[in-house]
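**Q**
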Amino acid sequence: MSRKIVMTLVCILVLGLSGCGDTLTLNQYNTSEIWYIAYTDIDTVCESNELTADGSSILHSEEDYLLLSYVVDSNIEITKELLSFIQDSPSMFHSIKTIRTYLDKDGFTYLPEGKAWTVEKGGKYYTIRNHSSVVAFKVGKELDDYHFQMTASHSDSPTYKVKSVPELTGQGEYLRLDVEAYGGMIDSTWFDRPLTVAGRVLVQTGNKVESKLLYIDKDILIIPNVAIHFNREINNGYSYNRQIDLCPLFSTGELKKGAFDQMVADELGVEVSQILAKDLFLVNRQKPVIW
0 MSRKIVMTLV CILVLGLSGC GDTLTLNQYN TSEIWYIAYT DIDTVCESNE
50 LTADGSSILH SEEDYLLLSY VVDSNIEITK ELLSFIQDSP SMFHSIKTIR
100 TYLDKDGFTY LPEGKAWTVE KGGKYYTIRN HSSVVAFKVG KELDDYHFQM
150 TASHSDSPTY KVKSVPELTG QGEYLRLDVE AYGGMIDSTW FDRPLTVAGR
200 VLVQTGNKVE SKLLYIDKDI LIIPNVAIHF NREINNGYSY NRQIDLCPLF
250 STGELKKGAF DQMVADELGV EVSQILAKDL FLVNRQKPVI W
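Residues 0 to 290 in numbering that gives the first Met the number 0 are what the sequence shown spells out, letter by letter.
(1) Less than 9 Å between the beta carbons of Leu212 and Lys96, yes or no?
(2) Rounded to whole angstroms, what's the CA-CA distance from Gln261 to Phe147? Just pull it up for me.
(3) Between Leu279 and the rest of its own chain, which residues show a CB-CB distance below 6 Å, the 5 nearest in sequence each way excluded?
(4) Would you call Thr158 buried or exposed, if buried means 16 or more other Cβ atoms sit within 10 Å of its Cβ?
(5) Please confirm whether any heavy atom of the ligand NAD lies closer than 8 Å to the CB of Ser250.
(6) With respect to the alpha helix (DSSP H) encompassing Tyr214, which residues constitute its N-terminal and C-terminal limits?
(7) Between the alpha carbons of Val200 and Lys207, how many angstroms are there, rounded?
(8) Measure the C-alpha to C-alpha separation of Gly139 and Tyr125 and round it to an integer number of angstroms.
(9) Within the same chain, show all residues whose beta-carbon is closer than 6 Å to that of Ser272, passing over the 5 residues directly before and after it, in chain order.
(10) Distance, Cα to Cα, Gly122 vs Leu245?
(11) Let's see if you can read the secondary structure: which residues bound the beta strand (DSSP E) around Gln175?
(12) Would you mind sorting Phe249 into buried or exposed? The rule is 16 or more other CB atoms within 10 Å of its CB.
(13) When the distance is taken between beta carbons, is Ser163 closer than 9 Å to Lys277?
(14) Counting only the same chain and skipping the five closest in sequence on each side, list residues whose C-beta sits under 8 Å from that of Asp191.
(15) Report buried or exposed for Phe259, applying the criterion of at least 16 other Cβ atoms within 10 angstroms of its Cβ.
(16) Helix or strand or just coil, what does DSSP make of Arg99?
(17) Any idea what DSSP makes of Thr188, helix, strand or coil?
(18) Please work out which residues of its chain come closer than 7 Å, Cβ to Cβ, to Ser210, disregarding the five sequence neighbours upstream and downstream, and give them in chain order.
(19) Using a Cβ-Cβ cut-off of 8 Å (strictly less than) and excluding sequence neighbours within five positions of Ala226, which residues of its own chain qualify?
(20) Quick one: which unbroken beta strand (DSSP E) runs of 3-plus residues sit fully inside the region 219 to 283? Chain order, please.
(21) Hey, out of Asp144, Met184, Ser132, Ile77, whose CA is closest to Ser156's CA?
(22) When burial is assigned at 16 or more other CB atoms within 10 Å of the CB, is Arg241 buried or exposed?
(23) How should Glu253 be labelled, buried or exposed, when 16 other C-beta atoms within 10 angstroms of its C-beta is the threshold for buried?
(24) Three-state secondary structure (DSSP) at Ser163?
(25) Around the Cβ of Trp290, are there at least 16 other Cβ atoms within 10 angstroms (buried) or fewer (exposed)?
(26) Got a sec, what are the start and stop residues for the beta strand (DSSP E) Ile127 sits in?
(27) Who are the Cβ neighbours of Ala264 in its own chain at under 8 Å, not counting the five residues just before and after it?
Right under this line is the structure:
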């Protein structure tokens, strides 16, 4: 990485500071010798000389350490919150559940879509549709000259959806899952990773139909690349066939047909015969990291 790029990044960090210790102007910091920044524990950066350039400290006072530590710590905390949300939201249905916990904690009132609403000035409310979308809103306290500010986002993400008849048999009694593309994913990034499934399952309980969240919290699938001598064109812009190349491997012979639905039923504590429908999607099991 060039010195100019890193120096620019540090300058941005300093300019973006909103408060930590005594904030100094940029020209009071000596950044001429910056080449790279190395640290092992940003929480202790104020107590130890862990920021180095060519092996020497680039920060020259306690205020310098406090300044850079505050900015980096703030960005890392925001990123950690995002990663935590991603981990708690393996499907769009889980995303809505996670967002709902945030809204409840912040004092929002849930309004069931099928009932009459009582909305008051200054109130905070939300409603949910299909367990896959949430609409939250605040009502102003002064409504004489009122306007709307709106923002929207996806609750889902590109992945592969498991088909209603999930299993494909193959040579040697291999079992694969039959999947279809959901959104615009980058196919090659899904290879050779530990995968699982998440989503919702509609279950008959007596005279009712219940929607149950499902996340199988273990590695159960993989979409393997074949060895290079079976596909010499892999490094030459290979075009994947999603109906063949992207079907994840579920078993190499030990499990038999019907095992997938049985696994889903066992996870939910129901019988296979109670399962009416499934909205299940592949999930990458690798944990997100900051580096």
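Note that beta-carbon positions come from the ideal geometry of N, C-alpha and C, so glycine has one too. Computed from a prediction, not measured in an experiment: that's the story for all the values here.
**A** Walking through what the data contain:
(1) yes
(2) 49 Å
(3) Val161, Val196, Gly198
(4) buried
(5) Of ligands this structure carries none, so the ligand NAD is not represented either.
(6) That residue, Tyr214, is in no alpha helix (DSSP H); its beta strand (DSSP E) goes 207 to 214.
(7) 13 Å
(8) 15 Å
(9) none
(10) 48 Å
(11) In the sequence on display, residue 175 carries Arg and not Gln. Run containing Arg175: 174 to 181, per the beta strand (DSSP E) assignment.
(12) buried
(13) yes
(14) Ile221, Ile222, Pro223, Asn224
(15) buried
(16) helix
(17) helix
(18) His130, Arg199, Leu201
(19) none
(20) 248 to 250, 274 to 283
(21) Met184
(22) exposed
(23) exposed
(24) strand
(25) exposed
(26) 123 to 128
(27) Glu270, Val271, Gln273, Ile274
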